[in-house]
Each structure stands twice: as C-alpha cells, then as structure tokens.
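Visitor: Here the sequence shown stands for residues 0 to 322, where the numbers follow numbering that gives the first Met the number 0. Backbone N, C-alpha and C define an ideal beta-carbon position, used for all residues, glycine too.
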Amino acid sequence: MRIGIPEALLFQRYEPIIRTFFNNLEVDVVYSGPSNQDILERGIRNCVDEACLPMKLFQGHVSKLSEECDKVVVPRLMKCEFGDSICPKFSGLPELVGKGNYQSRFIFSDPLYLNDRAKLEQVVVKQGKQLEVPKENIRRAFRAAEAAMNIRKAVYRAETDFADAAGMGESEETKNPGERRESRVALLGHPYNISDSFANRNLINKLKRLEIEVITGEEMQEKDFNKQLTGLMKAPYWMFYRENFGKAGALLESRSIDGILYVSSFCCGTDSVIIEMIKSRIGDFPMLVLKIDEHTAEAGIDTRLEAFSELLERRRYHEAHLS
Numbered sequence: 000m001r002i003g004i005p006e007a008l009l010f011q012r013y014e015p016i017i018r019t020f021f022n023n024l025e026v027d028v029v030y031s032g033p034s035n036q037d038i039l040e041r042g043i044r045n046c047v048d049e050a051c052l053p054m055k056l057f058q059g060h061v062s063k064l065s066e067e068c069d070k071v072v073v074p075r076l077m078k079c080e081f082g083d084s085i086c087p088k089f090s091g092l093p094e095l096v097g098k099g100n101y102q103s104r105f106i107f108s109d110p111l112y113l114n115d116r117a118k119l120e121q122v123v124v125k126q127g128k129q130l131e132v133p134k135e136n137i138r139r140a141f142r143a144a145e146a147a148m149n150i151r152k153a154v155y156r157a158e159t160d161f162a163d164a165a166g167m168g169e170s171e172e173t174k175n176p177g178e179r180r181e182s183r184v185a186l187l188g189h190p191y192n193i194s195d196s197f198a199n200r201n202l203i204n205k206l207k208r209l210e211i212e213v214i215t216g217e218e219m220q221e222k223d224f225n226k227q228l229t230g231l232m233k234a235p236y237w238m239f240y241r242e243n244f245g246k247a248g249a250l251l252e253s254r255s256i257d258g259i260l261y262v263s264s265f266c267c268g269t270d271s272v273i274i275e276m277i278k279s280r281i282g283d284f285p286m287l288v289l290k291i292d293e294h295t296a297e298a299g300i301d302t303r304l305e306a307f308s309e310l311l312e313r314r315r316y317h318e319a320h321l322s
C-alpha cells in the first residue's frame, strides 16, 4: 500500500515528527514535493473559491497524490501540542478538500488532539489499521513520533534567553542601528506562508538581494511569547496569534530589528485580528503587511519590498545622526 503525504500547510512545522512516524511504520510513503504551478492549478480547479491560497495549494497536493497513492494523509487537527486552537478550516480539512471521488482514500482524518496523548494514540492506532500494519508496529511508530514531539517541546520550552541564543543582545550595532550595513527585519506570519517559497514568490531570496537580513524568531521559546501576553485583556485563542504577537513584542524589546514584515493570505480571518493586535503593540514601528493569493504578481511584491527597504534605511540613518 502506498501512502501519500502532502508537503503543505503544517507539514514543515511537524516534518520531523511525520517522517519519524512513517519511517517506523515501514510503509511505502510518497511525499508530494514543493508547491508549483501545476499543483496550484489543480487546487484552484478543485477547491472552493472562498478558500485562502494555502488551502488551495493543499488541495492541489492532495489531488496530485490521489492519482499516485492508495491512501492520502489529510489530518483533522483540533488542538496543537500546547493546547492552542488553530484556524477552523483545519478541523474541517477533509471535507474542504474532499471534492471529487477520492475522499474515501483519506486517512488520519479523525479528530487529532496533539495535546492529549491518550486520545491521539487511540486515533492513530485506529486509523493505522487501514494501512494493514500490525498494531504493535503502529504503537512503536507512535512512541518514536512522540519522542520526536517531546524533543521539539523541550527545545521550545528551554530556559535560554532568546536574545543570547540568537546572538542579538545589546551589542554595539544593536545600540547603534545606523552602524549596521544591512537592515534587519522580523519575518512573521503563518509558517506555511513563510516556508512555501512558491506561495510567497521567493520572498526570502528577494530580501537577501535587497541586503535585508531576515529573522524568523524560530529560536524563541514559550517563555518569550508568554512574557508579551501579560498585558492582554484575554489570552490569545489561536496558536499563531500567540506566537506572532509574542515574536513581534520580544524582537521589538530586544532592539534587534529595524522593521516587521508580515506575510498574510488574502481573506485570512485569523490574520485580520493578529495583524491589528501587533500594530497596536508596536505603535509607529515600521511594519509591512504583504497579502498573497493566486493572483499575486512578482512585480507588485518587488515594488513594495524596495519601498520598505528604502524606508528602513532612511530611518536607520536619521536615528544614527540625531543630534
């Protein structure tokens, strides 16, 4: 039996865990590979018009794999590893991308609670039986994936100061941003918008060509986020709200960045809240919001990035030469 795994949405976030699980299952696995124009066109043809770009791309990955595999992994994610909620589309993902006659091939589509070990193991063992794999092999693969998840959690919760770990403490160039040769920006947004170079039109390479240093905040731990949440009236409901708001606040306080670049999918409901909360936190600090969808053109992104780069350079120059 051949199992297809779409390399889209949260695949990059959980890639070590996913690969560990299926490697230990010892089944024939096919990964869909990076997004491309053919995958996007498949997604546009099969997905509802109102869906965001990441969902259309995921639909395209599923469509491609459905022609090559017996089963396709389409998870129904309810809660993330720390108990946070996520975009509601994830809880209805099998139905959202199930257009056509291949929904019966979906696997691991029962509700997944990554923060509840007992529920998660129960679902994995139940769904794993469809792969014609002995129960003991499934449990062994689950334990290996759980170990990989625990390593990720340990790193995430490590008691390391973020500024020191990232090498961005109070150095001379941090105190005097005008003396740095390159501008430095925090690249924020949902991980699938940042990690998918096809979706964001090779954004990181564009920033490098403009001599802009990119910081994603991947080095941050949970305590860095939580420090930034103490002043909020209500704890963030969504995982990416907590992470992006926390990253923005922590990086701003560390004086390690010149601006924030937020990549957002057009019509993303959660981002409409997250972006406004970040803006209220950072005040007049430079922030560029890039909206992307299937119609986004390279030229439009290039123009906005060039203008933002010039703004950052001018701001650094004036800060360095204030009398």
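Could one say the Cβ of residue 23 lies closer than 8 Å to chain B's Cβ atoms, at least one of them?
Guide: Here chain B cannot be found, since the structure has a single protein chain.
Visitor: Quick one: residues in its chain with C-beta nearer than 7 Å to the C-beta of residue 328, no 5 flanking neighbours on either side, listed in chain order?
Guide: This structure gives no information on residue 328, because the portion of the chain shown stretches from 0 to 322.
Visitor: Quick check on the burial criterion: 16 or more other C-beta atoms within 10 angstroms. Buried or exposed for residue 231?
Guide: Taking the sequence shown and counting its residues from 1, the one referred to as residue 231 is at position 232. By the neighbour-count rule (16 or more Cβ atoms within 10 Å), residue 231 is not buried but exposed.
Visitor: Determine contact between the region 91-111 and the region 16-26, defined as no fewer than three beta-carbon pairs at a distance below 8 Å.
Guide: Short answer: they don't touch.
Visitor: Mapping DSSP to helix, strand and coil, what is residue 188?
Guide: Translated into positions along the sequence shown, residue 188 becomes position 189. Strand.
Visitor: Exposed or buried, what is residue 298 when buried is set at 16 or more other beta-carbons lying within 10 Å of its beta-carbon?
Guide: Here residue 298 refers to the residue found at position 299 of the sequence shown. By the neighbour-count rule (16 or more Cβ atoms within 10 Å), residue 298 is not buried but exposed.
Visitor: From what residue to what residue does the alpha helix (DSSP H) around residue 271 run?
Guide: If you number the sequence shown from 1, residue 271 lands on position 272. Unbroken alpha helix (DSSP H) run through residue 271: 268-281.
Visitor: Assess, as a yes-or-no matter, whether the region 222-242 is touched by the region 270-277 under the definition of 3 or more beta carbon pairs within less than 8 Å.
Guide: Yes: at least three Cβ pairs fall under 8 Å.
Visitor: Residues in the same chain with beta-carbon distance under 8 Å from residue 396, minus the five sequence neighbours each way, listed in chain order, please.
Guide: Residue 396 lies beyond the stretch modelled for the chain, which goes from 0 to 322, so this question has no answer here.
Visitor: At 3 residues or longer, what runs of the beta strand (DSSP E) sit wholly inside the region 23-62?
Guide: Counting only runs of 3 or more, we get 27-30.
Visitor: Taking 7 Å as the line, does the beta carbon of residue 6 fall inside it for any heavy atom of the ligand GDP?
Guide: Here there are no bound small molecules, and the ligand GDP is not part of this structure.
Visitor: Is the beta carbon of residue 77 closer than 8 Å to that of residue 112?
Guide: If you number the sequence shown from 1, residue 112 lands on position 113. If you number the sequence shown from 1, residue 77 lands on position 78. A contact, by the Cβ cut-off of 8 Å.
Visitor: Between the alpha carbons of residue 216 and residue 67, how many angstroms are there, rounded?
Guide: As a position in the sequence shown, residue 216 is number 217, starting the count at 1. As a position in the sequence shown, residue 67 is number 68, starting the count at 1. Distance between the alpha carbons of residue 216 and residue 67: 37 Å.
Visitor: If you draw a straight line from the C-alpha of residue 73 to the C-alpha of residue 306, how long is it?
Guide: Locating residue 73 in the sequence shown gives position 74, counting from the first residue. Locating residue 306 in the sequence shown gives position 307, counting from the first residue. Going by the C-alpha atoms only, they are around 40 Å apart.
Visitor: Report all residues from its chain with a CB closer than 6 Å to the CB of residue 300; omit the five preceding and five following residues, and keep chain order.
Guide: On the sequence shown, position 301 is the one that residue 300 refers to. Around residue 300: 200.
Visitor: What are the uninterrupted segments assigned as beta strand (DSSP E) that are 3 or more residues long and contained completely in the region 199-253, given in chain order?
Guide: Qualifying beta strand (DSSP E) stretches, in chain order: 211-214.
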